[in-house]
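Chemist: Attaching a single structure in structure tokens format; questions to follow.
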Amino acid sequence: MVWTCSNVTDCPATMDLEDVADPDVMGFGVLLAFAMPALLSNAVLVVAYLSHTLPNSQYAHFDNKLILTLNSKLKKQIWLWNLLQPDHKMWIWLRMVRYEALLLTLSDQTLVASIALFVSTYSQICSVSSFTFQISISLSFFAANIHALTLIALKEYFAKHQIQARIRLGSMVFSTILQIVSVFINRIVQEGDADDYALCNIISPKAPWSHILWGSLIESWFTTYGLYTAMFKLYEPFTMYQPVSAWVLVLLRLVYRDERSQEDREELVRQEDRRFSQSNAKSISALRRQPSGFPTKMRIVSQAIAEDMTTSTFYDIMGVVVFAGWIITTFVAALLFGLKYGVNISSLLEPKFGQIMPILLLLVFIFSFMEASGR
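This is the structure in structure tokens:
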């Protein structure tokens, strides 16, 4: 029996286990089409960072010191040391084929696919199971991860292409709003069983609202923090600023566009530069005075290191990688959640159009490589 929204006050207890897993959302082709690009993108960004393939302007003092230290440790691993050398043929090839075009293609396709997944899931909210709903939300996070990664890796590219940057930031904000709402709804759905109708769990939550609210707030903060960092540092490249100061500069740029306003804004930039330099000078002066007590020294040193690290590309990349790890954990937990209830997944392995088509779309990335390399 197919239950419809016209009877929301009379939710059935469960749905047939044969219908719990939706092949259009959870087919092996769909899973691979979202998961593989995210994993590959993270791996490429990390190795490109360590091999100094990113533009020099993205390597801060902390980045250079970290890479220098890591390289001294990696010299013992000959094959890995040779791979990470900037003149390695793989990285020379990446620079030749304009790897930014490849990342843009990857990001755009997964972003469009994630929005389509949201539309498909919510349009069928009356008939999808809690299990299918959780998998859909988990897959959408892979797209958010790739988008944040692209904004970090192509910071210099977007600085030269402001229109593209604004379009992607706008689409990213729209996608993020959908995800924040979905995190809250997904938290409600998680409290039910895998074979429940998702809408039934939303209408009649099986857990206290306080538990659902706090859990969803924590997940929403974790989900949006990395995206916020990527958007903020892309649009206003003065990464040493405090977030409040930087957002003031962003608003001034949007509201006041005349020449006089531009001069005032540049003066604010110079003032912020002086504030940051004075803060560092005070820390150095305090250390030179040799303050008494180990805790005082540690406080000064740790503050300087923290400021240096948070203005580095390493800090941004680690945030994206940790976000990817959290997504994978959430995704695996959702799969185990369904298997625990004996969900039949045999239909997900059948080579039907809905499963094969997403895999064929991955060929677009190969064609992009060929086009960028002129082959």
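With positions in the sequence shown counted from 1, the corresponding number in the working numbering is that position plus 140. Yeah, the Cβ is synthetic: ideal placement off N, Cα and C, and Gly gets one too.
1) Grouping DSSP H, G and I as helix and E and B as strand, with all else coil, what is residue 383?
2) May I have the straight-line CA-CA distance separating residue 191 from residue 206, to the nearest angstrom?
3) Could you give the residue range of the alpha helix (DSSP H) that holds residue 179?
4) For residue 376, which three-state DSSP category applies?
5) Let me know if residue 142 comes out buried or exposed under the rule of 16 or more other beta-carbons within 10 Å of its beta-carbon.
6) With distances taken from CA atoms, which of 293, 326 and 318 is nearest residue 198?
7) Can you give me the C-alpha to C-alpha distance between residue 316 and residue 357, rounded to a whole angstrom?
8) Kindly indicate which residue of 212, 263 and 286 has the alpha-carbon position closest to the one of residue 182.
9) Closest by CA to residue 332, which one among 496, 209, 270 and 475?
10) In three-state DSSP terms, what is residue 278?
11) In three-state terms, what does DSSP make of residue 269?
12) Alpha carbon to alpha carbon, how far is residue 298 from residue 453?
13) If you run the structure through DSSP and keep just helix, strand and coil, what is residue 262?
14) Straight-line CA distance for residue 186 to residue 463?
15) Closest by CA to residue 273, which one among 458, 337, 305 and 210?
16) So, for residue 311: in the same chain, excluding its five sequence neighbours on each side, which residues have a beta-carbon less than 7 Å away from its beta-carbon?
17) Candidates 475, 178 and 326: which alpha carbon is nearest residue 258's?
18) Alpha helix (DSSP H) containing residue 476: first to last residue?
Modeler: Taking the geometry as given:
1) Bear in mind that a pLDDT of 44 at residue 383, under 50, signals an unreliable position, so the model cannot answer this.
2) 12 Å
3) 168 to 190
4) Legend: pLDDT at residue 376 = 49, less than 50; position of this residue unreliable, value from coordinates given subsequently. Coil at residue 376, not helix or strand.
5) Below a pLDDT of 50, predicted positions are generally treated as unreliable, and residue 142, at 43, falls in that range; the measurement from the model is reported next regardless. Under this definition residue 142 is an exposed residue.
6) 293
7) 14 Å
8) 286
9) 270
10) helix
11) strand
12) 16 Å
13) helix
14) 14 Å
15) 337
16) 251
17) 326
18) 453 to 480
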